[in-house]
DNA sequence: GCCCTTAATAGTAATGATTACTAATAACAG
DNA sequence: CTGTTATTAGTAATCATTACTATTAAGGGC
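Chains as they are written, first to last, in the numbering used here: chain D, 1 to 122; chain R, 1 to 122.
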């Protein structure tokens, strides 16, 4: 777990953006600072940051997007254009968030299941 | 929007399973009934059923899984083995669901954003 | 500051889920 | 039954992501 300039650059890019960037977009931004950085490195570092819970992965039809953990928030995702909008406020259930119409919502609980907990005991 | 035996078979498979099947798994099951069905058809039909809100897509690292809408429920996803467990009960926030340890949860609101609503008015 | 070990990277090839394409097929309206 | 055309089977192509490997560079010890 060495500190490399690639790692800190990529973490900075995600932490300083509110655009839910893809790996490719992060790669393009990173090249301004490190012209020789490779796309494979971006993917590998992003996976590590997600594993370490430094950033979050948002799975989308056009590939994964990555989000910082600066402020606790959820997401509004447009069914049509797939835009991701941060939802900072507490949940108001009038089927609207701002002027965006809510059609559905999904809650996923992430954790360690019974079977995997047992395996960790060994 | 014609009714084909491929469409009704695939919808039946998803509606009668509690295993959150992938397209490939649905394809293998469908071949028992229609040996010549093609994988492309399974993907196309599944996309249509999701668009028509007859079934739900669950995005996972190993590809999309598909879920029926028989009973309203959320999902518990194991970080280790990526198992998907249905959560039928109301949310109990003791960081456990059954014997599964909750590490995190994510809420996504799906809908039509302000911009797309404006476009629909035209 | 200088080695040395080895984790991490750059560059490229491979993978695999999903989509695109096209000729053939089959709903279903008249 | 017939004609139209949406849908399908089969296959090729796409593209996000991962795997592989020789090379580079953290960073601990001296």
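Beta carbons are placed, not taken as given, at the ideal position from N, Cα and C, and that holds for glycine.
Can you tell me the Cα-Cα spacing of residue i and residue j, whole angstroms?
i, j, result
"residue 1/R", "residue 112/D", "42 Å"
"residue 100/D", "residue 85/D", "9 Å"
"residue 116/D", "residue 47/R", "32 Å"
"residue 59/R", "residue 49/R", "15 Å"
"residue 25/D", "residue 12/D", "14 Å"
"residue 43/R", "residue 120/R", "28 Å"
"residue 52/R", "residue 122/D", "46 Å"
"residue 20/D", "residue 109/D", "21 Å"
"residue 40/D", "residue 118/R", "39 Å"
"residue 16/R", "residue 16/D", "46 Å"
Cutting at 8 Å between CB atoms, please list the residues of its own chain near residue i, excluding the five before and the five after it.
i, result
"residue 103/R", "79"
"residue 87/D", "73, 74, 75, 76 and 97"
"residue 37/D", "6, 9, 27, 30 and 31"
"residue 61/R", "82"
Any beta-carbon of chain D closer than 9 Å to the one on residue i?
i, result
"residue 14/R", "no"
"residue 18/R", "no"
"residue 55/R", "no"
"residue 106/R", "yes"
"residue 40/R", "no"
"residue 88/R", "no"
"residue 112/R", "yes"
Quick check: is the beta carbon of residue i nearer than 9 Å to any beta carbon in chain R?
i, result
"residue 98/D", "yes"
"residue 79/D", "yes"
"residue 115/D", "yes"
"residue 7/D", "no"
"residue 45/D", "no"
With 16 other CB atoms within 10 Å as the buried threshold, where does residue i fall?
i, result
"residue 67/R", "buried"
"residue 82/R", "exposed"
"residue 69/R", "exposed"
On a Cα-Cα basis, can you pick out the residue from the options that is closest to residue i?
i, options, result
"residue 56/R", "121/D, 106/D and 116/D", "106/D"
"residue 34/D", "52/D, 4/D and 18/D", "4/D"
"residue 18/R", "118/R, 71/R and 114/R", "71/R"
Who are the Cβ neighbours of residue i in its own chain at under 6 Å, not counting the five residues just before and after it?
i, result
"residue 22/D", "63 and 65"
"residue 14/D", "55, 66 and 68"
"residue 114/R", "none"
Kindly list the residues whose CB is nearer than 7 Å to the CB of residue i, restricted to its own chain and excluding five residues on each side of it in sequence; keep chain order.
i, result
"residue 45/D", "6, 7 and 10"
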